[in-house]
Amino acid sequence: MQQTFPITEVELEALAKNSIDSVFSTMLDRSASIKQVIKVEEDTNTEGMQLPVDANTPMIAGTVGFLGNLTGIIYIFMELPLAVEATCKLLDMEAHEISDDDHELVNDAIGELTNMIVGTFKNDLSNKGYECRMTIPSILRGSNFSIEPAEVAMRRIYKFDCDGRSFVIDVLMKEEN
Amino acid sequence: MRLKILTVDDSKTVRIIVKKSFKGFDCEIHEAQNGVEGLAMAAKVNPDIILLDITMPVMDGVEMLTKLKSDPQLKGIPVIMLTAEAGRENVMKIAKIGVRDYIVKPFKEDVLVDKVSRVVDLRPAGEAEPVQKKIDDPIDILVVDDKPAIIQQIKDGFGHTPWNVHGVASTGEAIDFCQKKLPDCIIISLSLSEDAAITLFRIIRSNAKTKYVPLFGLSVKTAVEEQARAQQAGFSTIIHKPIDFEDLETKIGKAVNLDASGKYFDMGEGFMTVKLPKSCNAAVVNEVSTYLKSKTSEAVNAGISKIIFDAQGVASLNMDLIKLLLHSMKTCRDLSLKYALTGNDVVIEESKKFEESKDWKFCDSLETAKASI
Numbered sequence: 001m002q003q004t005f006p007i008t009e010v011e012l013e014a015l016a017k018n019s020i021d022s023v024f025s026t027m028l029d030r031s032a033s034i035k036q037v038i039k040v041e042e043d044t045n046t047e048g049m050q051l052p053v054d055a056n057t058p059m060i061a062g063t064v065g066f067l068g069n070l071t072g073i074i075y076i077f078m079e080l081p082l083a084v085e086a087t088c089k090l091l092d093m094e095a096h097e098i099s100d101d102d103h104e105l106v107n108d109a110i111g112e113l114t115n116m117i118v119g120t121f122k123n124d125l126s127n128k129g130y131e132c133r134m135t136i137p138s139i140l141r142g143s144n145f146s147i148e149p150a151e152v153a154m155r156r157i158y159k160f161d162c163d164g165r166s167f168v169i170d171v172l173m174k175e176e177n
Numbered sequence: 001m002r003l004k005i006l007t008v009d010d011s012k013t014v015r016i017i018v019k020k021s022f023k024g025f026d027c028e029i030h031e032a033q034n035g036v037e038g039l040a041m042a043a044k045v046n047p048d049i050i051l052l053d054i055t056m057p058v059m060d061g062v063e064m065l066t067k068l069k070s071d072p073q074l075k076g077i078p079v080i081m082l083t084a085e086a087g088r089e090n091v092m093k094i095a096k097i098g099v100r101d102y103i104v105k106p107f108k109e110d111v112l113v114d115k116v117s118r119v120v121d122l123r124p125a126g127e128a129e130p131v132q133k134k135i136d137d138p139i140d141i142l143v144v145d146d147k148p149a150i151i152q153q154i155k156d157g158f159g160h161t162p163w164n165v166h167g168v169a170s171t172g173e174a175i176d177f178c179q180k181k182l183p184d185c186i187i188i189s190l191s192l193s194e195d196a197a198i199t200l201f202r203i204i205r206s207n208a209k210t211k212y213v214p215l216f217g218l219s220v221k222t223a224v225e226e227q228a229r230a231q232q233a234g235f236s237t238i239i240h241k242p243i244d245f246e247d248l249e250t251k252i253g254k255a256v257n258l259d260a261s262g263k264y265f266d267m268g269e270g271f272m273t274v275k276l277p278k279s280c281n282a283a284v285v286n287e288v289s290t291y292l293k294s295k296t297s298e299a300v301n302a303g304i305s306k307i308i309f310d311a312q313g314v315a316s317l318n319m320d321l322i323k324l325l326l327h328s329m330k331t332c333r334d335l336s337l338k339y340a341l342t343g344n345d346v347v348i349e350e351s352k353k354f355e356e357s358k359d360w361k362f363c364d365s366l367e368t369a370k371a372s373i
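Going down the list, the sequences are from chains P and Y.
So for the first sequence, the UniProt record's numbering puts the first residue at 1; every next one is plus one.
So for the second sequence, the UniProt record's numbering puts the first residue at 1; every next one is plus one.
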């Protein structure tokens, strides 16, 4: 049974878009646009769903949670080549300086990028009157990710395009009593 | 002494970005991954400023800040919070503990540099121990004036010097110029439209790289209103048109801290010659006095024991110059140095009018003076 939610679909999409715009333009000198919005709901996605990206592309996912009036978790799934490009831009490095085994460097950069994105999202929530605290970022690597609906939370997937490369924001959120 | 910046952040990425941001400045960056390491590092290196994240494992930024402010040795260190968490609650909480400022991630590197430079004296790299330029070294002077004739006049006025005068017509071009090349001195026309001179002054003063560049306002003497506005904004020196280039050269020399001793002192063949210029006004006499002691020591250390005060080029003798010569001659006597004076007809005639100088003996050439001692 899903809860009624205090934030509208339009507001949530605007929150996601603003947090991406702010971080990408400030830190990466790049822009990204929303290509697809998916509502992950119990009645329509009982079996779960594939992440809307090429299942064979290696991905890196940054995760940061937030706790407060609204509690939730946000995942940023990024194609690995885009993650490496973002790392290079953040750290002023060339792609050849980052070896395939240099997971720590890319993980940390994407963790920080996720932290900034979720921080911006959280700050916008705070401006709407929902105070919350953030958790420390964590990182997942893999491919062929699937997403399942959450029983008591709202889950929305936003697929973005950044210069021909895809990344996905997965927002999972519920209101605390 | 190099500035010490401590960055406390669990993200290596942020610590690298901080390092990158301050690459062009004379500072050393120390790093810590959490509050515990941050406190230990602060006690060890005694940084000039701390950039502190909030959300960190082991000990977060708020706890570290609280402990820092309760430590008598560390509580004076200014702290700027660098955090992804803004929000009223957070800002209020950290403000109560005592931070100088906070920066919300994401942030532009120049915002970080700007905020830090408002708290500590951040200087571009290589400026910490500057090699003093000499008066005959090339320096770069940027002239911002929409009248090409004035720019040309200044170029011509400094034609006899090795100084490079660069002219631009607008504030935008001036900012672009400063980004590419840091001028030694900037002269801004106060008559630029829409108070552009004041706007440019503020931009230059608020930028960490250009904030120490001497800024001169250029104005017609009668335009008192624009001069008053410029002085109110903080212009320390206003140059009047028509420009007195001798005066401007002296002012630039002082503002840029050029070693002007070469203009007045010459050593060779066992003599030190003090060349007194045509106009020996109070500013010039003061400048010569500034160098006199060190140059006399330099001469003595080089084995020189004879000094000639060459007033052949002086247009008119005045009390400031007489006092300078009296003082110099006394120094020579105290140090057992031999000395002689040269002068032209005007100087010799005027010297007889003053009680202090009426008995001075002048030679009519350097050769005669050298032969006399």
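From the three backbone atoms N, C-alpha and C, an ideal C-beta is built for every residue, glycine too.
Margin query: Using a Cβ-Cβ cutoff of less than 7 Å, which residues in the same chain neighbour residue 197/Y once the five nearest sequence positions on both sides are dropped?
Written below: Hits under 7 Å: 188, 189, 190, 217 and 230.
Margin query: To be precise: take each residue of the stretch 2 to 23 of chain P, compare its Cβ to all Cβ atoms of chain Y, and keep it if any distance is under 8 Å. Which residues remain?
Written below: So the close ones are 22 and 23.
Checklist line | residue 119/P versus residue 29/P - alpha carbon distance | finding: Taking the straight line from one Cα to the other gives about 19 Å.
Check: Per DSSP, what kind of secondary structure is residue 94/P in: helix, strand or coil?
Finding: Coil at residue 94/P, not helix or strand.
Next item on the list: Could you name the residues of the stretch 37 to 69 of chain Y whose beta carbon sits closer than 7 Å to any beta carbon of chain P, in the order they occur along the chain?
Entry: Contact residues of the stretch 37 to 69 of chain Y toward chain P are 55 and 57 (C-beta to C-beta distance below 7 Å).
Check: If the cut is a Cβ gap below 7 Å, which residues of chain P does residue 412/Y touch?
Finding: It is not possible to answer for residue 412/Y, since the shown part of chain Y is limited to 1 through 373.
Notebook entry, point to check: When you compare only the Cα positions, how much space is there between residue 16/P and residue 13/Y?
Noted result: Approximately 23 Å between the Cα atoms of the pair.
Next item on the list: Would you give the residue range spanned by the beta strand (DSSP E) that residue 161/P belongs to?
Entry: Residue 161/P -> beta strand (DSSP E) spans 154 to 162.
Item checked: Residues near residue 41/Y in its chain [Cβ-Cβ closer than 7 Å; skip 5 each side] -> Counting only residues of its own chain and dropping the five nearest sequence neighbours on each side, residue 41/Y has a CB closer than 7 Å to the CB of 6, 30 and 32.
Check: Rounded to the nearest angstrom, how far is the Cβ of residue 116/Y from that of residue 53/Y, given a contact under 8 Å?
Finding: The C-beta separation of residue 116/Y from residue 53/Y comes to about 15 Å, leaving the pair out of contact by the 8 Å criterion.
Next item on the list: Return helix, strand or coil for residue 6/P, following the three-state DSSP convention.
Entry: In the structure shown, the three-state DSSP call for residue 6/P is coil.
Item checked: Close beta carbons around residue 73/P, own chain, < 7 Å, minus the five adjacent residues each side -> So the list reads 63, 65 and 172, once near-sequence residues are dropped.
Note to self: Tell me the DSSP secondary structure of residue 166/Y in three-state form.
What the structure shows: The three-state secondary structure of residue 166/Y, taken from DSSP, is strand.
Notebook entry, point to check: Does any C-beta atom of chain P lie closer than 8 Å to the C-beta of residue 106/Y?
Noted result: Residue contact with chain P for residue 106/Y: present (Cβ-Cβ distance below 8 Å to some residue of chain P).
Notebook entry, point to check: Buried or exposed: where does residue 10/P fall if 16 or more other Cβ atoms within 10 Å of its Cβ makes it buried?
Noted result: With fewer than 16 Cβ atoms within 10 Å of its Cβ, residue 10/P is classed as exposed.
Checklist line | Reference residue 254/Y; option with closest CA among 210/Y, 139/Y, 65/Y and 178/Y | finding: The shortest C-alpha to C-alpha distance from residue 254/Y to any of 210/Y, 139/Y, 65/Y and 178/Y is the one to 139/Y.
Notebook entry, point to check: How about the stretch 202 to 215 of chain Y and the stretch 177 to 186 of chain Y: do they share at least three Cβ pairs that are nearer than 8 Å?
Noted result: Taking a cut-off of 8 Å on C-beta distances, the stretch 202 to 215 of chain Y touches the stretch 177 to 186 of chain Y, as three or more cross pairs fall below it.
Check: Does residue 20/Y come within less than 8 Å of chain P when only Cβ atoms are used?
Finding: It does: the Cβ of residue 20/Y has a partner Cβ on chain P nearer than 8 Å.
Item checked: Chain-ordered chain Y contacts of residue 63/P [CB-CB under 7 Å] -> Residues of chain Y passing the Cβ test: none, with the nearest at roughly 14 Å.
Next item on the list: Enumerate in chain order the residues of its own chain whose CB-to-CB distance from residue 245/Y is below 8 Å, with the five nearest sequence positions on each side excluded.
Entry: Contacts found: 157 and 158.
Notebook entry, point to check: Where does the unbroken beta strand (DSSP E) through residue 19/Y begin, and where does it stop?
Noted result: Per DSSP, residue 19/Y lies in no beta strand (DSSP E); the unbroken alpha helix (DSSP H) holding it starts and ends at 12 to 21.
Next item on the list: May I ask which residues mark the beginning and end of the alpha helix (DSSP H) holding residue 71/Y?
Entry: Counting along the chain, residue 71/Y falls outside any alpha helix (DSSP H), and DSSP gives it neither H nor E.
Next item on the list: Any chance you could list the alpha helix (DSSP H) runs of at least 4 consecutive residues sitting entirely within the stretch 206 to 271 of chain Y, in chain order?
Entry: Complete alpha helix (DSSP H) runs here, min 4: 224 to 233, 245 to 255 and 261 to 264.
Next item on the list: Please confirm if residue 96/Y has its CB atom under 8 Å from at least one CB of chain P.
Entry: Contacts with chain P at 8 Å (Cβ-Cβ) do not include residue 96/Y.
Note to self: Mapping the DSSP letters down to three states, classify residue 153/Y as helix, strand or coil.
What the structure shows: Residue 153/Y: helix per DSSP, three-state reduction.
Notebook entry, point to check: So residue 279/Y packs on residue 315/Y, CB below 8 Å; how close in whole Å?
Noted result: Sure, about 6 Å apart at Cβ, within 8 Å.
Notebook entry, point to check: How long is the line joining the alpha carbons of residue 59/Y and residue 199/Y, rounded to whole angstroms?
Noted result: In a straight line, the C-alpha of residue 59/Y is about 44 Å away from that of residue 199/Y.
Notebook entry, point to check: Between residue 48/Y and residue 120/Y, is the Cβ-Cβ spacing less than 8 Å?
Noted result: A contact, by the Cβ cut-off of 8 Å.
Notebook entry, point to check: Is it the case that the Cβ atoms of residue 130/P and residue 69/P are separated by a distance below 8 Å?
Noted result: In contact: residue 130/P and residue 69/P (Cβ atoms closer than 8 Å).
Margin query: Bridge partners for residue 175/P per DSSP, in chain order?
Written below: Paired residues: 70/P.
Check: What's the gap between the Cα of residue 93/P and the Cα of residue 287/Y?
Finding: Rounded to the nearest angstrom, the gap between the Cα atoms of residue 93/P and residue 287/Y is 51 Å.
Note to self: For residue 176/Y, count the other beta carbons within 10 Å of its own beta carbon; 16 or more makes it buried, fewer makes it exposed. Which is it?
What the structure shows: Residue 176/Y counts as exposed, since fewer than 16 other C-beta atoms from the protein chains shown sit within 10 angstroms of its C-beta.
Notebook entry, point to check: Is it true that the CB of residue 114/P sits closer than 8 Å to the CB of residue 81/P?
Noted result: In this structure, residue 114/P does not lie closer than 8 Å to residue 81/P by Cβ.
Note to self: With a threshold of 8 Å between beta-carbons, can residue 69/P be considered close to chain Y, or not?
What the structure shows: The beta carbon of residue 69/P does not come within 8 Å of any beta carbon belonging to chain Y, so the residue lies off that interface.
Item checked: Start and end residues, alpha helix (DSSP H) containing residue 161/Y -> That residue, residue 161/Y, is in no alpha helix (DSSP H); it is neither H nor E in DSSP.
Margin query: Is residue 10/Y close to chain P? Criterion is C-beta to C-beta, closer than 8 Å.
Written below: Closer than 8 Å: yes.
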